[in-house]
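Number of protein chains: 2
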Amino acid sequence: MAEKPSVLRETDDEARKLARILLRSARSAALAVIEPASNGFPFVSRVLLGIDTDGSPVILVSALSTHTQALSADSRCSLLSGEVGKGDPLAHPRLTVQCEAEKIERGGAAHARIRTRFLRRHPKSELYIDFPDFTFFRLQPVKASLNGGFGRAYALDGKDLLIHSSAIDDLAAMEERAIEHMNSDHPDAASRYAQVYCKAEGTDWRICGLDAAGADLASGDQLRRLEYDAPLQSAGELRMMLVKLYG
Amino acid sequence: MAEKPSVLRETDDEARKLARILLRSARSAALAVIEPASNGFPFVSRVLLGIDTDGSPVILVSALSTHTQALSADSRCSLLSGEVGKGDPLAHPRLTVQCEAEKIERGGAAHARIRTRFLRRHPKSELYIDFPDFTFFRLQPVKASLNGGFGRAYALDGKDLLIHSSAIDDLAAMEERAIEHMNSDHPDAASRYAQVYCKAEGTDWRICGLDAAGADLASGDQLRRLEYDAPLQSAGELRMMLVKLYG
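Same order as they appear, the protein sequences are chains A and B. In terms of numbering that gives the first Met the number 0, the first sequence opens at residue 0 and continues consecutively. In terms of numbering that gives the first Met the number 0, the second sequence opens at residue 0 and continues consecutively.
Written out as structure tokens, the structure reads:
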């Protein structure tokens, strides 16, 4: 049997965008690791998901858990994102990403950045995010497999899921301020974005993330991703983009 | 670090029952396998789940898929079941089961039995269940990990998830007839079971499985498991159990 069976479709920009949205709008995901204690048995469990400013998924895990012990011994892992909705569970799009996990040490700039973004996305994680046994891992995508529903399978590279922009750091530096400004001074913008671009309902949406490739929108338990058509290449483009999308 | 950290609780019958219900009421699950083509990288994807008469989970998969190719090379796999509901995704109970996968050859009694039960649980799979590239695997539970919510972790043996009864085969032989009788002649029974024992709503429930340890109940997209307090030990006990539960 061929390793890339002919059922795979040609990977196009639409598939890449769907894959990014499935990853970046997921609150939780299934994480598969290789368990060292059982001679390499796979082990899959549920984790909360965050996204770093370069698009890498991040997870917050307890050192007491099987997945953390496994990742410390073998950094290879796989995430499944995409929710099961009404009807046939296999008719809903989902994304498998295979990643290399990298532990984020406390005290560094990466930890502070990831912690802040994670808290905005998962406010209730405040209860345990600073517990000494909790650690962030950044999961560097190696390759991915998108299943857009029956007969709609695509293979992706890891880099298809990363954000390629020279403005990542500049935008990260202004992210918190920009979010506060939007949510305070333009409180209807997030709901408009969610309704127009994410097929969401309701009027209590807020922005919980802004990066070079798009905006994260939250309302209660719901999370949506507004993915721009192309990443911003300078921080100065952010304001115009948000105005343009407001319409 | 100890392999069994002290956060694990003593596994009791209540935990075992919750674990069985999480597995047996799942329509779909995340399946983690070890991908041979990438030198043993874990790979997690979504599968439809069925249950054999001895409680073993079964999956129906396409030979073209990564997970099927992986299982054919290394039978070790892991399932994650338990749905994410409102609020914090990690507050909802979920079950990780590590299994050895066994391919079910067409033409045998096991295939016919598994196919019939799977079709009743997933009527829409009729569209592809007999495609030549689709295969059933029975997943023999080796061990499991129940997470009942924050701080409620339990380790289980594989046998905790299997049905131990001398009546399995006799009940399997009469299952289809008993289901037809119940759904035709006592059409309100399934809804009553779902409401009283499974905290479900609605009045259009039907029985879609009857085994020595309980009943599977379906309504549209919903699936619930009524797990008896103890397995039936003779097929003759089924009628009395269903009458008693009806109240």
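By construction, the Cβ of each residue, glycine as well, lies at the ideal position given by its N, Cα and C atoms. Keep in mind the model is a prediction, meaning the values are calculated, not measured.
Taking 7 Å as the cut-off, the beta carbon of L63(B) is found closer than this to the beta carbon of V6(A). In the displayed model, Q68(B) falls within a helix according to three-state DSSP. DSSP places R112(A) in the helix class (H, G or I) of the three-state scheme. Under the three-state reduction of DSSP, K102(A) is assigned to strand. For the segment 84 to 106 of chain B, the residues whose beta carbon sits under 8 Å from a beta carbon of chain A are, in order, K85, G86, D87, P88, L89, R93, T95 and Q97. Between L222(A) and S24(A), the gap from beta carbon to beta carbon is short of 7 Å.
Contact note: F133(A) does not reach chain B at a C-beta cutoff of 9 Å; the least C-beta distance is about 12 Å.
Closer than 9 Å at the C-beta level to chain B, one finds these residues of the segment 148 to 170 of chain A: F149 and A152.
For E34(B), the number of other beta carbons within 10 angstroms of its own is at least 16, and it is reported as buried.
One alpha carbon belongs to G150(B), the other to S61(A), and they sit about 11 Å apart. For V195(B), the three-state secondary structure derived from DSSP is helix. Following the DSSP letters along the chain, one finds K142(B) inside the beta strand (DSSP E) bounded by residues F133 to N146.
For R15(B), no chain A residue has a Cβ inside 8 Å of its Cβ, as the nearest lies near 19 Å away. Taking 7 Å as the cut-off, the Cβ atoms of G84(A) and I162(A) do not count as close. Its chain contains Y153 as the residues whose beta carbon lies nearer than 6 Å to that of R8(B), once the 5 sequence neighbours on both sides are disregarded; these appear in chain order.
Any Cβ of chain A closer than 7 Å to the Cβ of C207(B) would place that residue at the interface, and such an atom is absent. The Cβ of S233(A) sits no closer than 7 Å to any Cβ of chain B. A214(B) places its beta carbon 7 Å or farther from that of P230(B).
Assignment of Y153(A) by DSSP, reduced to helix, strand and coil, places it in the strand class. Listed along the chain, the chain B residues whose CB falls inside 7 Å of the CB of S183(A) amount to none; the nearest CB is some 26 Å away.
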